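Take a look at the structure below.
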Ligand code: MF3
Ligand code: CO
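Numbering (this note's numbering), first residue to last: -8 to 250.
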């Protein structure tokens, strides 16, 4: 069942999402060779709590941390570890959830660590662009399939594969609400988007094949062929005419530009 949100609820969710963007901007200068993903997770958790929010994925279905830190071939849900140390040329997707007064935010950004190979840089650019093409379709009267198709079509034309096993979702009091928001699908299919719906669009795009395998920790989801995977996520409120993006990458990118 899809829960429509009031304007007040959407503003609260915007607060949650902007706090994630600020947290990601705080991490941006620290995403460097030699740093462990556990350290970045600790900084993020402190920042979220210092700003009066709860890191909503900690404890969610037993997930142990405040963030998901997915390096290189890890697609999503990478558990942060002391022994996962970033090195030059890596990519790191940081995905996190916040909760304030019972409502959630959810957003993710993939960082380049030092200098990445040109083909990996292109993966990041295409994945991020596909997110914005999906968002363009996220308006009242369109269908979920319009969003899904926009992402899939762009990424496949660029020669990449679209992950099937993990998808975007509705967001609200719960981290995962209806509707499902796959990154693959057909125009004109699926649920109709209505004002007050809040959805997370999160393309997970692989250079190699889309098949995943889960590590022994039960969470870390990796491309089976061990090729790099990128992930960007925005949370958007559905309106008439134009999607209302609740998270904000410009806060992160302004910080990155100054480094
Ligand atoms: N933001 C993640 C998602 O949308 C959820 C992280 S919490 C976890 O899938 F417990 F599922 F890892
Ligand atoms: Co999500």
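Virtual Cβ for every residue (Gly too), placed ideally from N, Cα, C.
Just so you know, these numbers come straight off a predicted model, no measurement behind them.
- In this structure, residue 246 places its C-beta atom within 9 Å of the C-beta atom of residue 20.
- Within its own chain, the residues whose Cβ lies closer than 7 Å to the Cβ of residue -6, once the five positions on either side in sequence are excluded, are 163 and 168, listed in chain order.
- In this structure, the straight-line span from the alpha carbon of residue 139 to that of residue 180 is close to 9 Å.
- With a threshold of 16 other beta carbon atoms within 10 Å, residue 24 falls short and is exposed.
- By the Cβ criterion, the segment 181 to 194 is in contact with the segment 225 to 236, since at least three pairs of Cβ atoms, one from each stretch, lie closer than 8 Å.
- For residue 240, the enclosing alpha helix (DSSP H) begins and ends at 240 to 249.
- Taking one beta carbon from each stretch, the segment 127 to 145 and the segment 100 to 109 have fewer than 3 pairs nearer than 8 Å; the two do not touch.
- Put simply, the segment 94 to 101 touches the segment 147 to 163. At least three CB pairs are less than 8 Å apart.
- For residue 168, the Cβ stays outside the 8 Å cut-off from all heavy atoms of ligand 1.
- Apart from the 5 residues on each side of it in sequence, residue 73 sits with its Cβ closer than 6 Å to the Cβ of 27 and 29 in its chain, given in chain order.
- Linking residue 234 to residue 8 through their CA atoms gives a straight-line distance of about 15 Å.
- Non-local C-beta neighbours of residue 3 in its own chain, meaning closer than 7 Å and more than five positions away in sequence, comprise 91, 92 and 94, ordered along the chain.
- For residue 109, the uninterrupted alpha helix (DSSP H) segment begins and ends at 109 to 127.
- Assigned with DSSP and collapsed to three states, residue 172 falls in strand.
- The shortest C-alpha to C-alpha distance from residue 195 to any of 249, 244 and 100 is the one to 100.
- The beta carbons of residue 118 and residue 87 sit no closer together than 9 Å.
- Proximity of the beta carbon of residue 7 to ligand 2 is not indicated: no heavy atom of the ligand is located closer than 8 Å.
- Of the residues 170, 0 and 17, the one whose Cα lies closest to the Cα of residue 250 is 17.
- Going by C-alpha positions, residue 207 is about 27 Å away from residue 192.
- Here the distance from the Cβ of residue 52 to the nearest heavy atom of ligand 2 is not below 8 Å.
- If you look at residue 100, you'll find it in the beta strand (DSSP E) that goes 94 to 103.
- In the three-state DSSP reduction, residue 197 falls in the strand class (E or B).
- Here residue 0 is buried: its Cβ has 16 or more other Cβ atoms, across all protein chains shown, within 10 Å.
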